[in-house]
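Comments concern the structure below.
Protein chains in written order, with my numbering: chain A, 1 to 813; chain B, 814 to 1007.
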C-alpha cells in the first residue's frame, strides 16, 4: 500500500494549500469567529495564589450581578480528567486546592464579556496558603503538603530507569569518559490565536463544541466523562487552529466549563482566553536539567551513554509521563549507541503545567547530546561534522532500546549542510567572534501507540464520490496550519487522477469524520496519508472495474489521470472522471470507501517501551553561523543551513514551510524565549511576564537567512515514502547555536537559551582561569529506582526486560 | 484578566456613527469604549480581522486607516468616524485576489492563516508607499507583526513576488523557495536509495 509510484502528478509538487484562498481573504472561521444567537460569554476566575487550599467560595453576589446568567464552581464538575489515562488529575474548576497562579476556580456566564469580567470581582474565595514549590530542587525535597496525592513520592510525579546492555562495560572500554551537566529552560508555544471555544447544548439534548483544539477525539472522550453524557450525544468540531505547536493538544478546563454552562443555561456559551490566560494554560516545554555521561573511543565512537534528566512539570500531569520518557527515548536513533542507560524524573511544581511543545521532550536531550558531541570532538581533535557522519545508526536496524528505524537520510543531510556552509574551510578558522556550529537530530513520524490503550486504527478516512464526479474526503485530522487538509487532497487526487482543488476535505468533526487521533507527534501525514491511500485505492478499483467494462478492457489496463479514466494502452479511448463515477455507481451502488491505518507493532516489550517507537524517523542536520561581540556577549545569527530527510515530499512548498517554521521556533528557544518565574515577597510563584511584549520571540528583524535542503530517503512505512517534517527541523538549532558560540569565542554555554549574559559570564570565568563555560554546576540527588535491564539486539535480546543486570556477552550477571 | 470595565447595561450610551469600511459606508451603534477591533468583529461581523493579544503587542489585528497600518486593538471605534478603514475583506476585488493574497497563497506564506490578514494589510501599505522594497525594508515594515508558523521567510518572498507582479513584471516563485536548494531540472527532488 505504500509502494512509491512514479512519476507522480500531484504528490511532490508545490501546490498552494487547498484552504489558502480562505486564509488570505479572512474567510477561515476560527473558534472565536463562531457566533450563535443568544450566545452567552464566559470568563474564568483564576487563582492569584500559587498553592493553597480553597476554604470557601461564595458566588452569591456574582450571581446577582447585572447580566450574569450562571456561575459554576468545582463542585459542579467533580469528575477528574487528564490527557493521559495515568494522569487524571485535573478538574474543570479547582475542587479544594489551587496549584498555580492561573488555576481556574470559578466561571461566570453572562450576556456580555464585560458583564462576565465584572462579576468575577464579586466572587469571594477564601484560601489557606500552602508552601509553594517553585523549582526542581524544591520539588525533590520532602513535602508536608504534596501538590498531588499521587505520584512516585512527595512531589515527584514520575521516576523511570532503564538500562539497555552493559553500560559499565561500555564505559570501561572507552578511551575517554565525559560527564557534563546541561539545562534547557521552559518555553511556550505562543500560537497567535488565543484558545477559544463555543458550546451549544441544544433542546434535543445534544452538545456541540467548537474549539481550537489539536485533538478533538480526546476532547470528545473527556467531555463525555466529565459531563456524564453518552459520547453519541456530543459533537466536537475542531475549528482550524490559529497555530498549535502542541499547545492545544490537551483537554482544557475552559472547554468543559462552557459545555457545562451551556447545559445549565440552555444557551450557547463562548469563551475566548486573554493572552495572559494563554500563558497560564501553557503545556509548553519542560525546563529540564540533564546529566550526560558518555564513553567514547578515540575515533569518536560511543561505547556507552548514560542520560539522567529531571523535568520541572508544573502543577498537573498533562502529557508529563510521556514527556519524561521522551527525554530518554530518541538518543539512540541517530548515532550508534551500543549500551544505553536512562534515568528520568518529573517533579510537580506550583507553576502552569508543562506538556508537549513541538519536539515533545526531545529538544532538551538533543541539545545536551549534540553539545556533548561537539565537546568530545573538540577534545579529541576531531571534526564535529565527521564525528557524527562516521558513526551513524545504520538504516533498517534496531537500536539498543529496540526502536526500529527504517530509512536514514542523515548522512546526506550532513553532507549538504557541510558543503553549503563551507564548513571545512571556515569552521575553526573564522576571525574571533565569528563561528559555525553543527548539530543533527531525528524525530518520530507518529507515536507507535495511541494515548489510551486500544486496538483500533489510529487514523480513518472515508471517501465519497457523487454522480457529478465530486470527491469528498472525511477524516478526523485537524489542520493547525501545517496543511493536513492539503495532504489528504493531494494523496486522493494522485490516486484518482483528478485536480486536488476539485476535492472537498471535511476534517476534525467527531459527528462527520472517522477518528484520527489528532495533530500531535508528527503523525498526521503518515497515518492519515496511509488511510487515504487505502480509501482512494478502493475507490480507484471500483472506478477502474466499471470503466473497464464500458471500454471492454480488463480493469488492470484502466488508468486515471488528468480528470480522465482511460485505456493505458490506448489513452485516447476513455471517459471523463464524472462519466466513470456514473458507470461505477451504476455497477456498485452508492460510491463510498474507507481506509484506516494502525502503526506496525513495536519491537520493545519492556515497561516504558511504548514511548519512542514510530513507523518512521525523520532526520535533520543544521549548521548555524553566529557573530558574537566578545565585549558584551551580544550576538546575531546571520545564516542557517538546514537539511531535512522528509522521506518524500507530498507537497514540497509545505515541507519548506515546515522546515523554515521549525528553524524559526528552534532559534527562538535557542536565543531568547523563556517561560520565567519569580517568587514574590509572599513566596508566591508568579510568571515574570505573561505578555507577548515581554516574552521575547523572534521578529522579522531577528530571522536569519535560511538555506534549506530537502533530502528524500523514502521510508517503506510512509505514504509514498513520506516522513515527518513539522517538528524534527527544530531540534538541531539550539545545540548548533551553542556549538557556534563555542567556535566563535571559545566558551561553552550549556544552557538554553544562550543569552549574551551567559556568554559574558563564561568569558569572564575563562579569563579568571575557571572552566570556560556557563551552565548548571550540580545535579541534585534524585532517588532514581534500580533500572530495568534489557538485553540489546546485538546481545541477542528479545525486547523484554530481564531480571538482573546484563553482562557484556549478553548474559546475566 | 487584562481588561476591567464596569458593566452597567442601562447606563451605557451607545455611540451611533457612520464608518467607511472597505469603501462602503456602514452605520453602527456600539458602546463608546469598544475598540475598532471589537467593532469590526462584533458589530460589523468582519471577523477576518484577528486578535492575538489585544494589547498592541503582536500586530495580528492590523488594519489600514487612511492607508496607514494601525493596530485596531489600540484604536477606539469612535475615533474612526470619517476615516477610511480597510480590512482583509476589502483586499480582493472583482478581478480576483490582490497580488499579495495570491503570492501568500502560492508560496505557503499563510500557514495557519491567523496572522495573515495583519501581514497582508501591512504589506499592502508598504507596497503602496514603496513599489520596489529591498529585503531589509520589507523586514522593517513588517517588524511589528508576529508570525509563529512561517519563520517569516515565505512572507518576505511573497511580498517580493507581489511587488514584482504589481510593477508589471512576469515573476515566478524561485525554485529554491519551493523545493529547497536540491531541486533538479525536472522540478522534482532527487530521491536517495537507502
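Glycine included, every Cβ here is placed at the ideal spot set by N, Cα and C.
For clarity, every value in this text was computed on a predicted model and none was experimentally measured.
Under 8 Å, do residue i and residue j count as touching if we go by C-beta distance?
i: residue 900 of chain B; j: residue 876 of chain B; result: yes
i: residue 518 of chain A; j: residue 785 of chain A; result: no
i: residue 331 of chain A; j: residue 305 of chain A; result: yes
i: residue 488 of chain A; j: residue 471 of chain A; result: no
i: residue 272 of chain A; j: residue 214 of chain A; result: no
i: residue 62 of chain A; j: residue 77 of chain A; result: no
i: residue 828 of chain B; j: residue 888 of chain B; result: no
i: residue 652 of chain A; j: residue 620 of chain A; result: no
i: residue 124 of chain A; j: residue 52 of chain A; result: no
i: residue 26 of chain A; j: residue 861 of chain B; result: yes
i: residue 349 of chain A; j: residue 679 of chain A; result: no
i: residue 692 of chain A; j: residue 358 of chain A; result: no
i: residue 703 of chain A; j: residue 927 of chain B; result: no
i: residue 733 of chain A; j: residue 667 of chain A; result: yes
i: residue 804 of chain A; j: residue 788 of chain A; result: no
Beta strand (DSSP E) containing residue i: first to last residue?
i: residue 530 of chain A; result: That residue, residue 530 of chain A, is in no beta strand (DSSP E); its alpha helix (DSSP H) goes 524-551.
i: residue 475 of chain A; result: 471-475
i: residue 211 of chain A; result: 207-211
i: residue 253 of chain A; result: Here residue 253 of chain A belongs to no beta strand (DSSP E); instead the alpha helix (DSSP H) covers 253-265.
i: residue 788 of chain A; result: 788-790
i: residue 42 of chain A; result: 40-46
i: residue 559 of chain A; result: 558-561
i: residue 742 of chain A; result: First-last for residue 742 of chain A: 733-745, but that is the alpha helix (DSSP H), not the beta strand (DSSP E).
Does chain A have any CB closer than 8 Å to the CB of residue i?
i: residue 898 of chain B; result: no
i: residue 843 of chain B; result: no
i: residue 918 of chain B; result: yes
i: residue 940 of chain B; result: no
i: residue 944 of chain B; result: no
i: residue 827 of chain B; result: no
i: residue 1007 of chain B; result: Low per-residue confidence applies at residue 1007 of chain B: pLDDT is 43, beneath 50, and the placement is therefore not dependable enough to give any value.
i: residue 967 of chain B; result: yes
i: residue 956 of chain B; result: yes
i: residue 981 of chain B; result: no
i: residue 817 of chain B; result: Since pLDDT at residue 817 of chain B reaches only 47, below the 50 mark, its modelled position is unreliable, and the value read off the structure follows with that caveat. Yes, contact with chain A.
i: residue 964 of chain B; result: yes
i: residue 814 of chain B; result: A caution first: residue 814 of chain B carries a pLDDT of 40, below 50, which makes its placement in the model unreliable, though a value can still be read off. True, the Cβ-Cβ gap to chain A drops below 8 Å.
i: residue 906 of chain B; result: no
i: residue 885 of chain B; result: no
i: residue 832 of chain B; result: no
i: residue 930 of chain B; result: yes
Give me whichever residues DSSP pairs with residue i in a beta bridge.
i: residue 342 of chain A; result: A:162, A:307
i: residue 839 of chain A; result: Limits of chain A in this structure are 1 at one end and 813 at the other, which puts residue 839 of chain A out of reach.
i: residue 312 of chain A; result: A:347
i: residue 464 of chain A; result: A:472, A:592
i: residue 436 of chain A; result: A:625
Does any C-beta atom of chain B lie closer than 8 Å to the C-beta of residue i?
i: residue 680 of chain A; result: no
i: residue 192 of chain A; result: yes
i: residue 535 of chain A; result: no
i: residue 701 of chain A; result: yes
i: residue 485 of chain A; result: no
i: residue 28 of chain A; result: yes
i: residue 527 of chain A; result: no
i: residue 769 of chain A; result: no
i: residue 692 of chain A; result: yes
i: residue 518 of chain A; result: no
i: residue 1 of chain A; result: Per-residue confidence for residue 1 of chain A stands at a pLDDT of 38, beneath the threshold of 50, marking its modelled position as unreliable; the derived number appears in the next sentence. Taking Cβ atoms only, chain B never reaches closer than 8 Å to residue 1 of chain A, which makes this a no.
i: residue 14 of chain A; result: yes
Go to residue i, then tell me how far its alpha helix (DSSP H) extends in each direction, as first and last residue.
i: residue 379 of chain A; result: 363-380
i: residue 480 of chain A; result: Careful: residue 480 of chain A lies outside any alpha helix (DSSP H) and carries neither H nor E.
Measure the beta-carbon distance from residue i to residue j and round it to whole angstroms, keeping in mind my assumption that it falls under 8 Å.
i: residue 347 of chain A; j: residue 109 of chain A; result: Rounded, the Cβ-Cβ distance is 36 Å, inconsistent with contact.
i: residue 451 of chain A; j: residue 83 of chain A; result: 7 Å
i: residue 630 of chain A; j: residue 763 of chain A; result: 6 Å
i: residue 413 of chain A; j: residue 186 of chain A; result: Rounded, the Cβ-Cβ distance is 28 Å, inconsistent with contact.
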